[in-house]
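Novice: As you go down the protein sequences, you meet chains L and V in turn.
Start counting the first sequence at 0; every next residue gets the next number (my numbering).
Start counting the second sequence at 0; every next residue gets the next number (my numbering).
Number of protein chains: 2
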Amino acid sequence: MEELELEQMAEEIAELLDKKDIPKLKQVLTPMNPADIALIFQEVDEAKLPFLYRILPKELAAEVFVEMDGDEQELLIRAFSDRELHEMLDELYMDDTVDLIEEMPANVVTRILKNCDAKTRQTINEILKYPKDSAGALMTIEFVSLIEGMTVEQAFERIKRTGIDKETIYTCYVTDRSRKLKGVVTAKDLMLADSGTIVDDIMETNVIFVDTLEDKEVVAKQFQKYDLLALPVVDGEQRLVGIITVDDAIDVIEEEATEDISKMAAVNPLEDTYFKTSVFKHARNRFLWLFVLMLSATVTGLIIQHYEAAIAAIPALVAFIPTLMDTGGNCGSQASAMIIRGLAVGEIKTSDYFRAVWKELRIALLVGLALSMVNTVRVFIMYGATIESGAQVIPTYMFAIVTACAMVVTITTAKFLGCSMPILASKIKIDPALMASPMITTIVDAVSVLAYFSIVTTILNAYF
Amino acid sequence: MEELELEQMAEEIAELLDKKDIPKLKQVLTPMNPADIALIFQEVDEAKLPFLYRILPKELAAEVFVEMDGDEQELLIRAFSDRELHEMLDELYMDDTVDLIEEMPANVVTRILKNCDAKTRQTINEILKYPKDSAGALMTIEFVSLIEGMTVEQAFERIKRTGIDKETIYTCYVTDRSRKLKGVVTAKDLMLADSGTIVDDIMETNVIFVDTLEDKEVVAKQFQKYDLLALPVVDGEQRLVGIITVDDAIDVIEEEATEDISKMAAVNPLEDTYFKTSVFKHARNRFLWLFVLMLSATVTGLIIQHYEAAIAAIPALVAFIPTLMDTGGNCGSQASAMIIRGLAVGEIKTSDYFRAVWKELRIALLVGLALSMVNTVRVFIMYGATIESGAQVIPTYMFAIVTACAMVVTITTAKFLGCSMPILASKIKIDPALMASPMITTIVDAVSVLAYFSIVTTILNAYF
C-alpha cells in the first residue's frame with residue numbers, strides 16, 4: 000500500500016474505533032495484509048491498541064503481532080491475560096518467539112516463558128544459547144522432514160499432516176533415522192513425480208547446508224549465490240536442527256549493508272532504528288571515532304606548524320590546503336568505498352591485493368593528471384601572471400607546478416591507502432568497513448600537507 | 000563450497016581435462032551445483048572451455064551458463080553451432096535470455112534472436128521495450144496461471160502439465176478469461192485443500208502486485224515488507240503479464256546498496272564489477288565529482304586568503320584548520336550516512352524532517368561539548384600557558400575559547416546539513432545518496448573556516 004492510502008486508512012480506522020463499530024472494523028481489517036495493519040496500528044492511540052488488536056481473528060492477530068515494533072508488542076503483552084498470551088504464542092513460529100524474547104525486558108520474558116509449553120520452552124532456551132549473529136540464532140525449527148525410503152505418496156501425507164504449522168513446505172529435508180541430513184527434495188519435484196517413487200530417487204544429495212555456529216553474513220551469501228528459498232542448519236554431528244528461510248536472509252542482507260554504511264561513516268552501528276535510538280546513544284556511537292580522528296588530525300596541524308616560517312612569508316600558500324585536503328579525502332573515499340563493497344559482495348578477494356593496487360595506481364595517475372590540469376587553469380584565472388602575498392611576488396607558473404606535484408602525490412597516496420587498507424584489514428580479520436573514508440582521510444591529510452610543504456620549500460626556496 | 004575446496008576442485012578438473020578423461024569429468028561435475036561449476040569454469044583455460052562445457056548434461060549446462068560471466072558466455076556462444084545455441088536457449092528462462100541479450104554485443108544478439116522461435120523472439124522484443132530498471136525488465140513470463148472456477152484437482156493437473164518449465168510453481172495466479180489478475184493461491188494452500196474445492200474459495204484476493212513500469216527499488220521493498228516469494232506484474236489494464244521471483248529481488252537489494260555506497264563516496268555507480276571495469280572508465284566515473292568538489296573547495300581557499308593578515312600575524316592559527324575541517328567532515332558524514340540509509344530502508348520519511356533536525360541538533364550539542372573539552376585539554380598540553388607565534392604571544396586560554404566556539408559552530412552546521420540535505424533532496428526527487436559526505440564536507444569546510452576566522456578576528460582582535 001502507498002503511504003497516502005495508509006494514512007487515509009488509519010484515519011478511517013480511528014473514526015470507527017471512536018464509534019466502537021466492531022463489525023465494520025473487522026470487515027475493513029481482515030482482508031488487509033498483516034504488514035499494512037501493523038503500520039496502521041502505529042498511528043493508533045496506545046490506550047486503544049489492545050481493544051483494536053482483540054478484534055482481529057486469532058491467526059491474523061499473530062501475523063500482525065510479528066510485524067509490530069517492540070514497544071507496541073510490549074504494550075500488548077502487558078495488556079494480555081495469560082490465556083490470550085498463551086494463544087498468541089501458540090500461533091507464532093519458533094524463530095519469531097525467540098526474536099520476541101530477545102527484545103523484551105526481563106519481566107515480560109518471564110511471563111512469555113511461563114505461558115509456553117514445556118517443550119517449546121526447552122527449544123527456546125537452546126536457540127537462545129547460540130551466538131547472536133549465528134545461523135543457530137537465525138533458524139526456525141519448523142520444517143518438513145522426510146525419512147529415507149518414503150514414497151512420494153507417503154511424503155505428501157506427511158506434508159498434509161504436519162505442513163500446516165511449518166514455515167515452508169516447499170523444500171523438504173530427507174534424513175536417516177538418526178536425523179542426519181541426507182538430501183533435499185522440493186515440493187515441485189514431489190508434485191511432478193509419480194506417487195510410487197521413492198524420495199531417495201528424486202532427492203538432491205549434494206545439499207548446501209550451514210553449521211549452527213556459522214556467521215549470518217555467510218548464510219546470506221549462500222542464499223544469493225545459490226538462489227535458495229531455504230537453507231538447512233546442522234549441528235556438529237551433521238544432524239538437521241533447523242532451517243533458515245529466504246525472508247530472514249533478505250533481512251540479514253539489508254542489515255549487513257546498513258552496518259557497513261554506518262562503519263564507513265565512522266559510526267558504531269545502531270541496534271535500533273534511527274528514531275528509536277536516543278540522542279545520548281547516537282552521540283555515544285559517534286563520539287569515539289570523532290575523538291580518535293580529531294586527535295589524529297593534530298598530526299597534520301603539527302606539520303603545518305613546522306612550516307610556520309614559510310606561511311608567514313607567503314600566507315597565500317595556505318589557501319591551497321583545503322583543496323588539497325578535500326581532494327585527497329574524496330579520492331581515498333572513492334577507492335575505499337569501491338574496495339570495501341567489492342570485498343563485502345565477494346567480487347574482490349584478499350588474494351587480489353596486487354591486482355587492485357595496480358589498478359588504483361593507474362586510476363590515480365589518470366585522475367591526478369586531469370585534476371592537475373584543471374587546477375593549473377584555476378590558479379591562472381585566480382591569480383593572473385604573479386601571486387603577491389606577504390612581502391613576496393611569486394610567478395604563478397611556479398605555484399602551479401608546486402600544486403600540480405602536490406596534487407599527484409596526494410591522489411596517488413589516497414588511492415593507494417584507500418585500496419590497501421581495507422584489503423589488508425580483511426587479511427588480518429579486521430572488518431574492512433572500518434578502513435573507510437574518515438580513517439583514510441586523516442592519514443592522507445598528513446601525507447599530503449607534508450608533501451605540499453616539502454615541495455613548496457624545495458621549489459620556492461628562493462622566496463623564504 | 001569454500002574458496003579452498005573450489006581451488007582444489009579446479010585443479011583436479013584441469014588435470015582431467017589435460018588427460019581428456021570425459022567419463023571422470025562427467026562424474027565429478029554432474030553432482031555439483033551450477034553456481035560452483037561456473038566459478039570453476041572461470042579458472043579453466045579459455046580455449047578448452049567449449050570442450051568442457053559440452054561434457055555437461057543439457058539441462059545442467061543451461062543452469063551453469065546462466066551463472067557465468069558475460070565474457071565467458073560470449074566465448075561459448077561464438078563456439079556453439081546453431082543447433083547447440085538453439086538447444087541451450089530452449090532450456091533458459093525468459094528473463095535469463097533477456098539478461099543475456101542485454102549484455103551481448105550486437106552480432107551475438109543477432110545470432111541469439113535467429114535461433115529463438117518466433118514466439119520467444121516476439122516476447123523478448125516486448126520485454127526489451129521496458130525501461131532498464133522497471134519491473135517489466137525484471138520479470139519473467141514463466142508462471143503458473145489458473146482460471147477462476149477451477150477445482151484444486153484441475154489446478155494440480157495444470158501445474159503438473161505446465162509447471163515443469165516455470166520458474167516457480169509455489170505461487171499460482173488466478174485470472175479471469177481476459178487474463179485480469181483476480182487472486183493468488185499458494186501451492187501450500189492447494190496441497191492442504193480437498194481436491195474438489197474451487198480455487199476461488201481458497202485464493203487470497205487482496206493481491207500485492209506492481210505495474211510493469213514500477214521502479215525495481217519499489218519492487219524490492221515489496222518483497223521485504225511482505226516476505227514474498229514472487230510478485231505479479233500487471234499492465235495498464237490489470238492484466239497479468241509476468242512475475243518477479245525472490246532471487247531476482249535479492250539481487251536488486253544488493254545492487255541498490257552498492258549503488259548507494261558508490262554515490263555516497265562520490266563515484267558514479269559502475270555497470271560492471273570492480274575488476275571488469277577498465278581503468279579509464281573508473282577514472283571517468285570518479286573524475287566528475289572530484290572536479291566539482293575541487294572547484295568548490297576553492298571557496299574555502301578564498302575565505303582563508305581573505306584572512307591573510309591574521310595568518311601573517313599569528314601563523315599558528317593555521318594549525319587548527321585540519322582538525323576543524325576533518326571534524327566537520329566526519330560529523331557531516333555521520334549524520335548524512337544515517338539519514339540516507341534511513342531513507343533508503345524506509346525508516347525515515349521526508350515528513351520526518353523537523354523531527355530529524357531536532358534530533359541531530361541535540362546530538363550535535365552533546366558531541367560538540369564533549370569534543371570541545373577534549374580539544375581544550377589537547378591545546379593546553381600542546382602549548383602550555385602561552386602560544387608564541389610570529390611576533391605575538393597569546394594566552395592559551397583565549398585560543399582554547401576560540402577553537403571551542405569554532406568547533407561547536409562547525410559540528411552543529413555539519414550535523415544540520417548532513418541531516419537536511421538528504422531529506423530535502425528526497426523531497427524534490429533527487430537521489431539522497433548524492434547528498435553524502437563529499438558534498439557536505441565541501442560546504443561545511445567553507446562555513447567552518449569562515450566561522451573560525453570570524454571568531455578569531457573578534458576575540459583575538461588586539462593581536463593583529
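C-beta: ideal position from N, C-alpha, C; glycine also.
1) By Cβ distance, which residues of its chain are closer than 6 angstroms to E166(V), with the 5 residues on each side in sequence left out?
2) What residue ranges within the segment 117-158 of chain L form continuous alpha helix (DSSP H) runs of no fewer than 4 residues, ordered along the chain?
3) DSSP beta-bridge partners for K179(L)?
4) Taking buried to mean at least 16 other C-beta atoms within 10 Å of its own C-beta, is A445(L) buried or exposed?
5) Excluding the 5 residues preceding and the 5 following R285(L) in the sequence, name in chain order all residues of the same chain whose CB lies nearer than 8 angstroms to its CB.
6) How long is the line joining the alpha carbons of E258(V) and A343(V), rounded to whole angstroms?
7) Quick one: residues in its chain with C-beta nearer than 8 angstroms to the C-beta of Q237(V), no 5 flanking neighbours on either side, listed in chain order?
8) Could you give the residue range of the beta strand (DSSP E) that holds C171(L)?
9) Between the segment 158-191 of chain L and chain V, which residues of the former have CB atoms less than 7 angstroms from a CB of the latter, in chain order?
10) Apply the 10 Å Cβ neighbour rule to A229(L) and answer buried if 16 or more other Cβ atoms are within range, or exposed otherwise.
11) Give a yes or no on whether the minimum CB-CB distance between H281(V) and chain L is below 7 angstroms.
12) For T244(L), which beta-bridge partners are listed by DSSP?
13) Taking Cβ-Cβ distances shorter than 7 angstroms, what residues in chain V pair up with C330(L)?
14) Of the residues that make up the segment 313-329 of chain V, which ones have a beta carbon closer than 9 angstroms to any beta carbon in chain L?
15) Once DSSP output is grouped into helix, strand and coil, what is the label at A268(L)?
16) Between M337(L) and chain V, is there a C-beta pair that is closer than 7 angstroms?
17) Judging by CA-CA distance, which residue of L212(L), I454(L) and V183(L) is the nearest neighbour of I126(L)?
18) Return the Cβ separation of A134(V) and D210(V) in integer angstroms, given the expectation that the two are a contact with Cβ distance under 8 angstroms.
19) Determine the closest residue to I320(L) out of S371(L), V448(L) and H85(L), with distance taken between C-alpha atoms.
20) Looking at the C-beta of E270(L), does it have a partner C-beta in chain V at a distance below 7 angstroms?
21) Report yes if the C-beta distance between I252(L) and Y225(L) is below 7 angstroms; otherwise report no.
22) Is it true that the CB of A432(L) sits closer than 7 angstroms to the CB of M263(L)?
23) Run down chain L in chain order and give the residues with a C-beta less than 8 angstroms from the C-beta of K224(V).
24) Can you look up D250(L) in the DSSP assignment and give me helix, strand or coil?
25) Between I168(V), I197(V), N205(V) and D193(V), which has its C-alpha nearest G182(V)'s C-alpha?
26) Distance cutoff 7 angstroms, beta carbons only. Does A296(V) sit that close to anything in chain L?
27) Along the segment 15-30 of chain V, where does the CB come closer than 7 angstroms to a CB of chain L? Name the residues.
28) Give, in chain order, every residue of the segment 356-367 of chain V whose Cβ lies closer than 7 angstroms to some Cβ of chain L.
29) For the pair the segment 412-421 of chain L and the segment 376-388 of chain L, tell me if three or more CB-CB distances fall below 8 angstroms.
30) Apart from the five residues on each side of it in sequence, which residues of its chain come closer than 6 angstroms, Cβ to Cβ, to A413(L)?
31) Label T441(L) either buried or exposed according to how many other C-beta atoms from any shown protein chain fall within 10 Å of its C-beta, with 16 as the threshold for buried.
32) Output the distance between the C-alpha atoms of L48(L) and L75(L), rounded to the nearest integer angstrom.
33) Can you have a look at I123(V) and say buried or exposed, based on whether 16 or more other CB atoms are within 10 angstroms of its CB?
34) Is DSSP giving P394(V) helix, strand or coil here?
35) Would you say I468(L) and I39(L) are within 7 angstroms of each other, going by their C-beta atoms?
36) Run through DSSP, which three-state label would V378(L) get?
Specialist: With the structure as the only source:
1) Y92, T139, E141 and T244
2) 117-127 and 134-137
3) R238(L)
4) buried
5) A265, V266 and N267
6) 11 angstroms
7) K179 and L180
8) T170 to T174
9) I158, K159, G162, I163, I168, Y169, A186, K187, M190 and L191
10) buried
11) yes
12) A229(L)
13) L289
14) P314, A315, V317, A318, F319, I320, P321, T322, L323, M324, D325, T326, G328 and N329
15) Reading off the sequence shown, one finds Pro at residue 268(L), where the question assumed Ala. Coil.
16) yes
17) L212(L)
18) 7 angstroms
19) V448(L)
20) no
21) no
22) yes
23) A34
24) helix
25) N205(V)
26) yes
27) P30
28) K358, R361, I362, L365 and V366
29) no
30) G327, C330, G331 and V443
31) buried
32) 8 angstroms
33) buried
34) strand
35) Residue 468(L) is absent from the model: chain L starts at 0 and stops at 463.
36) helix
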